[in-house]
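**Student:**
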Amino acid sequence: MKEKIKAKVMDSRKMKRAVHRMTTEIIERNRNLKNVVIVGIRTRGIYLGKRISNLIKELEKIDIPVGILDITLYRDDFSELEAQNMVKKTEINFSVEKKDVLLVDDVLFTGRTIRAAMDSLIDLGRPKTIQLLVLIDRGHRELPIRADYVGKFLPTSKRELVQVKLKEIDSNDEALITEPAGMK
Amino acid sequence: MAFKHKHLLGIQTLGPSDITTVLDTAESFCNISTREIKKVPILRGKIIINLFFEPSTRTLSSFELAAKRLSADIISLNKQSSSVIKGESLKDTIKNLEAMNPDSLIIRHSAAGVPYFATTFCQSHIINAGDGAHEHPTQALLDALTIRQKKKSFKNLKVLIVGDILHSRVARSNIFLLKKMGARVVLVGPPSLLPAEFKKFGVEIDYDFDRAIKKADVIMMLRIQLERQKKNYFPSIREYRNLYGLTEKRFRRAKKNAIIMHPGPINRGVEISADMADSAKSVILKQVENGIATRMAVLYLLLGGKEREAIN
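These protein sequences, in sequence, are chains A and B. The numbering used here runs 11 ahead of the 1-based position in the first sequence. Read in the numbering used here, the second sequence has -6 at position 1, and its numbers run on one by one without any break.
In structure tokens, the structure reads:
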């Protein structure tokens, strides 16, 4: 994929601070922290979820389980895709019934991924609450969805792309605004 | 890897990466069958017709459940309930069903090539659920999923396929698949049911079960197909059982962690003894369970996404 990097909006230090702040907010907001479970949306939501779980363990000495959600089977744009996306496993080895589920994703854009994720979660059980955490909220919502915890609000134009890189799978921690090549 | 086929007619037309794609996808579908809400919405609004000209319980119900778990609508027709018995031709029957705009037709027929024939005049995705003695691709795929779960890889596995190879579409599909994935395949059976020309598929042939079973990793028993046997292929059931039946005594010659497979339905006490069929080494019911996830994967890969230019 050829693209032009327009701006670096987050480096590893800024990302670390944002995750730390959001984790503190989670601890503040959820008095019964033991009832919280984290569900990361494939792929980068998983690693963000794990970082938050580790931080909570550090700060509060509580183990918060992290599950993995694959939303491919719940997408609404499925019939428009050129080729099928590979379905990967949803791995949630705990019950979400009556839990406070913290849904984690890297970028919040149209809100359709989150709609799919919530439908998918509810098919696994009935959580007490679902909260949403995103590292970057770039606007342009197409559904009435908002995040409870936001790392950074980032106004973007629709043709731009926002890329989050995490050192667990990419080379380093950063967030970039890019634009497909050939566009002005 | 994207799956670029429009139909699933057999294993012969698939490449190793296609097979891996189906198995990986099936693996992701396995846990849907065990959770509380056994349904995902991905094929909502798709219509599938099961058209079975031959009796079946496993394959038919497995395809039905697979379609339902993906939220597709499916109806099942068999020979008795269709106009075939009123004398309608095969082509007319299929054309009439096609006129109802299904997204997919799943066809089983006693004549080889019927699913292929359907692709020559149908727009919908055709899935072969068994055609004569030709192929039964979803059976081979679910067998492969079961083997992969137990043995991790196909490379250099010694797989025995034992019994009525001549009439078996399951054997053919499994031979194609296992050879593509790098396994070593040994066919075992009486010469009357195991023509030497099978060697051209790159397999070994052994008429002595006791010798062949040594060091085997997987033992796949086939059903003696009494309904296809108008001629006498062997002198008596008793002799067949003595020479080619899987018994505990025989099984002891195989590898310690060998597994026993059977596509069903079983003739207990003929090709396999009852205690072997029910033993801890038998994965026969696991095969049935995996059948649903495998067929979900096939339906998902064929019907999901936009209509696309496809290579058969």
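Beta carbons are placed, not taken as given, at the ideal position from N, Cα and C, and that holds for glycine.
Can you list the residues of chain A that Ile30/B reaches, using a CB-CB cut of under 9 Å?
**Tutor:** Mapped onto the second sequence, residue 30/B falls at position 37. What Ile30/B touches in chain A: Ile133, Asp134, Leu135 and Gly136.
**Student:** Can you list, in chain order, the stretches of the alpha helix (DSSP H) that have 4 or more residues and sit fully within the segment 25 to 78 of chain A?
**Tutor:** Counting whole runs of 4 or more residues, the segment 25 to 78 of chain A contains the alpha helix (DSSP H) stretches 55 to 71.
**Student:** Tell me, please, which residues DSSP counts as bridged to Asn167/B.
**Tutor:** To locate residue 167/B, count along the second sequence from 1; it is residue 174. According to DSSP, Asn167/B bridges with nothing at all.
**Student:** With respect to the beta strand (DSSP E) encompassing Glu14/A, which residues constitute its N-terminal and C-terminal limits?
**Tutor:** Numbered from 1 along the first sequence, position 3 holds the residue referred to as residue 14/A. Where Glu14/A is concerned, the enclosing beta strand (DSSP E) stretches over Glu14 to Met21.
**Student:** Asp130/A CB to nearest chain B CB: under 9 Å?
**Tutor:** What you label residue 130/A is simply residue 119 of the first sequence in a count that begins at 1. Yes, contact with chain B.
**Student:** Grab me the residues of Lys61/B's own chain with a C-beta within less than 8 Å of its C-beta, minus the 5 sequence neighbours each way, in chain order.
**Tutor:** Looking up residue 61/B in the second sequence gives position 68. For Lys61/B, where only same-chain residues beyond five positions count, the Cβ hits under 8 Å are Lys32 and Ile67.
**Student:** Would you call the CB atoms of Ile156/A and Val115/A closer than 9 Å?
**Tutor:** Counting from 1 along the first sequence, the entry for residue 156/A is found at position 145. Counting from 1 along the first sequence, the entry for residue 115/A is found at position 104. No, they are not a contact pair.
**Student:** Taking a Cβ distance cut-off of 7 Å, strictly less, list which residues of the segment 34 to 54 of chain B are near chain A, in chain order.
**Tutor:** Of all residues in the segment 34 to 54 of chain B, Pro34 and Ile35 have a Cβ within less than 7 Å of some Cβ in chain A.
**Student:** Answer yes or no: does any C-beta atom of chain A fall closer than 9 Å to that of Ser97/B?
**Tutor:** Translated into positions along the second sequence, residue 97/B becomes position 104. So, not an interface residue.
**Student:** Please say whether Ser161/B and Leu215/B have beta carbons closer to each other than 9 Å?
**Tutor:** Here residue 215/B refers to the residue found at position 222 when the second sequence is read from its first residue. Here residue 161/B refers to the residue found at position 168 when the second sequence is read from its first residue. Yes. Within cutoff.
**Student:** Based on the DSSP secondary-structure assignment, which residues constitute the bridge partners of Lys176/A?
**Tutor:** Position 165 of the first sequence, counted from the start, is the residue given in the question as residue 176/A. In DSSP, Lys176/A forms a bridge with Glu185/A.
**Student:** For a minimum of 3 consecutive residues, which ranges assigned as the beta strand (DSSP E) are wholly contained in the segment 187 to 221 of chain B?
**Tutor:** Counting only runs of 3 or more, we get 197 to 199 and 211 to 214.
**Student:** Determine the direct distance from the alpha carbon of His151/A to that of Leu113/A, and round the result to whole angstroms.
**Tutor:** Position 102 of the first sequence, counted from the start, is the residue given in the question as residue 113/A. Position 140 of the first sequence, counted from the start, is the residue given in the question as residue 151/A. The alpha-carbon atoms of Leu113/A and His151/A are separated by roughly 22 Å.
**Student:** Taking buried to mean at least 16 other C-beta atoms within 10 Å of its own C-beta, is Arg231/B buried or exposed?
**Tutor:** Position 238 of the second sequence holds residue 231/B. Flag for Arg231/B reads exposed.
**Student:** Counting only the same chain and skipping the five closest in sequence on each side, list residues whose C-beta sits under 6 Å from that of Thr139/B.
**Tutor:** Along the second sequence, one-based indexing puts residue 139/B at 146. The answer, listed in chain order, is Val276, Lys279, Gln280 and Asn283.
**Student:** Quick one: what does DSSP say Tyr160/A is sitting in, helix, strand or coil?
**Tutor:** In the first sequence, the residue the question calls residue 160/A occupies position 149. Tyr160/A falls in the strand class under three-state DSSP.
**Student:** Pop quiz: Ile35/B and Leu63/B are said to be a contact at Cβ under 8 Å. What is the actual Cβ separation, rounded to whole angstroms?
**Tutor:** Residue 35/B sits at position 42 when you count from the first residue of the second sequence. Residue 63/B sits at position 70 when you count from the first residue of the second sequence. Correct: roughly 5 Å between the Cβ atoms.
**Student:** Can you grab the Cα-Cα spacing for the pair Asn305/B / Ile73/A, in whole Å?
**Tutor:** Position 312 of the second sequence, counted from the first residue, corresponds to residue 305/B. Position 62 of the first sequence, counted from the first residue, corresponds to residue 73/A. The predicted position of Asn305/B is uncertain, since its pLDDT is 42 and thus under 50; a value taken from the coordinates is nonetheless stated next. Spanning the two alpha carbons is a distance of roughly 54 Å.
**Student:** Roughly how many angstroms separate the alpha carbons of Ile79/A and Glu71/A, rounded to a whole number?
**Tutor:** For this step, residue 79/A is matched to residue 68 along the first sequence. For this step, residue 71/A is matched to residue 60 along the first sequence. Distance between the alpha carbons of Ile79/A and Glu71/A is about 23 Å.
**Student:** Measure how close the beta-carbons of Phe202/B and Val155/B come, nearest whole angstrom, since I'm counting them as under 8 Å.
**Tutor:** Within the second sequence, residue 202/B is the residue found at index 209, counting from 1. Within the second sequence, residue 155/B is the residue found at index 162, counting from 1. Right, the Cβ-Cβ distance comes to about 7 Å (below 8 Å), so this counts as a contact.
**Student:** Just to make sure I have the definition right: I need the residues of chain B whose C-beta is within less than 8 Å of the C-beta of Tyr85/A. Which are they?
**Tutor:** If you number the first sequence from 1, residue 85/A lands on position 74. In chain order: Val33, Pro34 and Ile35.
**Student:** Give me, in chain order, the residues of the same chain whose beta-carbon lies closer than 7 Å to that of Ser82/B; leave out the 5 immediate sequence neighbours on both sides.
**Tutor:** Here the question's residue 82/B lines up with position 89 in the second sequence. Excluding sequence neighbours, Ser82/B sits near nothing in its chain.
**Student:** For a contact defined as C-beta to C-beta under 8 Å, what are the partners of Glu20/B on chain A?
**Tutor:** Translated into the one-based positions of the second sequence, residue 20/B becomes position 27. Those are Lys100, listed as they occur along chain A.
**Student:** From Val178/B to Ile198/B, what does the alpha carbon distance come to, in whole angstroms?
**Tutor:** In the second sequence, the residue the question calls residue 178/B occupies position 185. In the second sequence, the residue the question calls residue 198/B occupies position 205. Rounded to whole angstroms, Val178/B to Ile198/B spans 9 Å at the Cα level.
**Student:** Out of curiosity, what's the CA-to-CA distance linking Arg141/B and Lys100/A?
**Tutor:** Indexing the second sequence from 1 puts residue 141/B at position 148. Indexing the first sequence from 1 puts residue 100/A at position 89. Each residue's Cα considered, the two are about 17 Å apart.
**Student:** Could you tell me if Gln132/B is buried or exposed, where buried requires 16 or more neighbouring beta carbons within 10 angstroms of its beta carbon?
**Tutor:** Locating residue 132/B in the second sequence gives position 139, counting from the first residue. The residue in question, Gln132/B, is buried, as its Cβ has 16 or more Cβ neighbours within 10 Å.
**Student:** What does Tyr200/B reach in chain A if we use C-beta pairs closer than 8 Å?
**Tutor:** Here residue 200/B is taken as the residue at index 207 of the second sequence, counted from 1. By Cβ distance, chain A contributes nothing, its closest Cβ being about 44 Å from Tyr200/B, past 8 Å.
**Student:** What is the rounded straight-line gap between the Cα of Gly123/B and the Cα of Thr27/B?
**Tutor:** For this step, residue 123/B is matched to residue 130 along the second sequence. For this step, residue 27/B is matched to residue 34 along the second sequence. So the two alpha carbons sit approximately 27 Å from each other.
**Student:** Quick check: is the beta carbon of Leu63/B nearer than 9 Å to any beta carbon in chain A?
**Tutor:** Taking the second sequence and counting its residues from 1, one reaches residue 63/B at position 70. Chain A contact via Cβ: present.
**Student:** What are the boundary residues of the beta strand (DSSP E) that Asp111/A is part of?
**Tutor:** Position 100 of the first sequence, counted from the start, is the residue given in the question as residue 111/A. Asp111 to Leu119 is the span of the beta strand (DSSP E), which, as asked, contains Asp111/A.
**Student:** Please identify, using Cβ separations under 8 Å, the residues of the segment 22 to 45 of chain A that lie next to chain B, in order along the chain.
**Tutor:** So nothing in the stretch comes that close.
**Student:** Any beta carbon from chain A within less than 9 Å of Thr14/B's own beta carbon?
**Tutor:** For this step, residue 14/B is matched to residue 21 along the second sequence. Chain A, which has a Cβ nearer than 9 Å to the Cβ of Thr14/B, makes this yes.
**Student:** Please classify Arg28/B: does DSSP put it in a helix, a strand, or coil?
**Tutor:** For the purposes of this step, residue 28/B is taken as residue 35 along the second sequence, with counting starting at 1. Reduced to three states, the DSSP call for Arg28/B is coil.
**Student:** Would you say Phe120/A and Val48/A are within 9 Å of each other, going by their C-beta atoms?
**Tutor:** Position 109 of the first sequence holds residue 120/A. Position 37 of the first sequence holds residue 48/A. No, they are not a contact pair.
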